[in-house]
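In this note's numbering, the protein residues as written are 560 to 1155. Ideal Cβ positions, reconstructed from N, Cα and C, are used throughout, including at glycine. Following: one structure in structure tokens, then a few remarks.
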């Protein structure tokens, strides 16, 4: 079995027009054009998924829709020929760490297993061919990194095995119930970085600057992390991919089970061209292969003047080059190497434990019923599991129409940073949208059909009796009532309250006043009422500093179920209320039967 995808080397004077054109683009395009084409296709596909499929404003209202317009849900389904979260679910660290932290099966584990199986045949093929972050780093190295030489480092140093220690720390923290892979896994770093760096410009150019959500310190932390990932290319091309990326470390371990590998025949002339072009430092000084680092990019095969490099099955007995010619330092692990490996292992374990302690110490006390609770997206699992399953990728922010979902700041410490919560002052949750659950790669937000999403309770509207205009006796405002009725929930009624009674206990006609009253059994916490009140009474008229009706979350105000139907839950609640009413005594129940 041969897997030679490279373009064999020919001398310049024999190169045709295609080869000359490829050489102008770059040496790796000439040596391994198939890989570069696949990289380009995946890079473009990633941008299409993130900036078009997840962009909700291509939706148009459905004409003649009866119950409610389903234009946002329909639009996402229409555009999603490939799952919007595709690249997230094939990053194995995303699902592995989430499953470990939550002690639960994560649906994306199946996709991770498939990509790991593929990489048995194309070792670290994700890193060499598919990863859009790697392609972006290549572009940075080509445009900026190659022009700045002053910060370059050598091939050997303490940094060469960092990725394994980062992976170990990430998995140890996950085993302790704290998910930190969103800070370091390849695809979440990319999606969140692009979300904060480019999405505001997309919104501003297509919808207007006034519709760009506000930024906070959490945005700058993410942007700084993204800049560091790219800026490491100043030290060495693809420094992040070679030495730091924990997602790549997962595939490095997968390389131990490889079927295909790079082999060098005895016709090798020690020209060193393969070493110079290798983007992953996967070729030893004796020109043999560091198998855990090789991505099978095959750039080395395309520059070999004697065609001594082959990509064949692992057990293929080709005429191999003898190892250690010239001698290499990659021999058996000595005492220093063993000590360094031990220190690195201990550092990874202690680092993971430290991250777990820091995450839990800075996080919210979930057992305190009076503690502030963020309003999570509809379909979110219970809070402790949510924090263990949310990868902080930002896909839900991108797919959310009107930017209802905002990244959490440090209200829940590092454990809650960048997780989504509803900011109803900015916008309310659209009744025709279920996008956040559809694009979530881990199930932290369940993928709900519209009929389920519309009854999933994420909070409860609460009226401030001190500032609400009718309660304060200022005017008969019913903005929240109208908005709720327009959305189809009918959870707020404009009814008479404060009615006075006479000496006999009978209500006095026309006493009291009309004011909004929230029906807790109908309110789902969509926040549309708060948005309307804030937009007119706060932002426009300046009647008070904050909305007079707000959405609050917490025990008894939200439904956070791991499995099961929200529709069935609502039906069960209605049945229970009906049974309670039947058991309540009638006004004349104290009388004997003959007097009733």
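If you follow the beta strand (DSSP E) that residue 822 is part of, which residue opens it and which one closes it?
819 to 823
Identify which residue in 809, 1006, 596, 861 has its Cα closest to the Cα of residue 831.
861
Looking only at its own chain, which residues have a Cβ that is under 7 angstroms from the Cβ of residue 696, when we skip the five neighbours before and after it?
789, 792, 797, 799, 800
Should residue 824 and residue 850 be called a contact, given that it needs their Cβ atoms to be closer than 8 angstroms?
Their beta carbons are not under 8 angstroms apart, which means residue 824 does not touch residue 850 by this criterion.
Taking the C-alpha atoms as reference points, what is the distance between residue 992 and residue 639?
14 angstroms
Which of the three DSSP states is assigned to residue 775 in this structure?
coil
Could you please give me the residues that DSSP links to residue 1022 through a beta bridge?
1108
For residue 1077, the residue or residues it bridges with in DSSP:
1051
Going by the CB atoms, is the gap between residue 950 and residue 1075 shorter than 8 angstroms?
no
Flag this pair as touching only if the stretch 740 to 760 and the stretch 768 to 787 have three or more C-beta atom pairs under 8 angstroms; answer yes or no.
yes
Per-residue DSSP class, three states only, for residue 872
Residue 872: strand per DSSP, three-state reduction.
Kindly confirm or deny that the stretch 1005 to 1019 and the stretch 1123 to 1134 touch, where touching means at least three C-beta pairs closer than 8 angstroms.
yes
Span of the alpha helix (DSSP H), counted from its first residue to its last, around residue 593
Per DSSP, residue 593 belongs to the alpha helix (DSSP H) from 592 to 607.
Report all residues from its chain with a CB closer than 8 angstroms to the CB of residue 1157; omit the five preceding and five following residues, and keep chain order.
In the structure as shown, the chain starts at 560 and stops at 1155, and residue 1157 therefore has no counterpart that could be examined.
Check the C-beta distance from residue 859 over to residue 842 and give it rounded, since I have them as a contact under 8 angstroms.
6 angstroms
Span separating the alpha-carbon of residue 887 from that of residue 1005
A caution first: residue 887 carries a pLDDT of 46, below 50, which makes its placement in the model unreliable, though a value can still be read off. Cα to Cα, residue 887 sits roughly 53 angstroms from residue 1005.
Is residue 1050 near residue 937, with beta carbons less than 8 angstroms apart?
Going by beta carbons, residue 1050 and residue 937 fall outside the 8 angstroms limit.
How big is the Cα-Cα spacing for residue 1035 and residue 961?
29 angstroms
Return helix, strand or coil for residue 886, following the three-state DSSP convention.
Unreliable placement is indicated for residue 886, whose pLDDT of 45 sits below 50; the coordinate value is still reported in the next sentence. Reduced to three states, the DSSP call for residue 886 is coil.
Cβ contact check for the stretch 978 to 990 and the stretch 928 to 946: 3 or more pairs under 8 angstroms:
yes
For my contact list, residue 947 and residue 1113 are in at a C-beta cut-off of 8 angstroms; report their separation, rounded to the angstrom.
Not a contact, Cβ separation roughly 19 angstroms.
Which of the three DSSP states, helix, strand or coil, is assigned to residue 1056?
strand
Using 8 angstroms as the threshold, is the C-beta distance between residue 907 and residue 728 below it?
yes
Determine the DSSP secondary structure at residue 879, reduced to helix, strand or coil.
Residue state, collapsed to three classes: strand.
Residue ranges of each alpha helix (DSSP H) within the stretch 560 to 587, 4 or longer:
576 to 584
Can you find a C-beta in chain B that's less than 8 angstroms from the C-beta of residue 569?
In summary, chain B is missing from the structure at hand, where a single protein chain is found.
Where does the unbroken alpha helix (DSSP H) through residue 679 begin, and where does it stop?
668 to 680
Pairs of beta-carbons, one from the stretch 773 to 781 and one from the stretch 680 to 699, closer than 8 angstroms: are there three or more?
no
Cβ distance (whole Å) where residue 656 is taken to contact residue 733 below 8 angstroms:
Between residue 733 and residue 656 the Cβ distance is about 4 angstroms, and since that is below 8 angstroms, they are a contact.
Distance, Cα to Cα, residue 515 vs residue 731?
The question about residue 515 has no answer, for the chain in this structure spans 560 to 1155.
Is residue 842 helix, strand or coil when you go by DSSP?
strand
Distance, Cα to Cα, residue 571 vs residue 592?
17 angstroms
On the DSSP letters alone, give me the boundaries of the beta strand (DSSP E) that residue 979 sits inside.
979 to 981
Decide if the stretch 665 to 681 is in contact with the stretch 577 to 591; the criterion is three or more beta carbon pairs, one per stretch, under 8 angstroms apart.
no
Per DSSP, cross-strand counterpart(s) of residue 965:
980
Give the range of the alpha helix (DSSP H) segment to which residue 619 is assigned.
Neither: residue 619 is in no alpha helix (DSSP H) and is coded neither H nor E.
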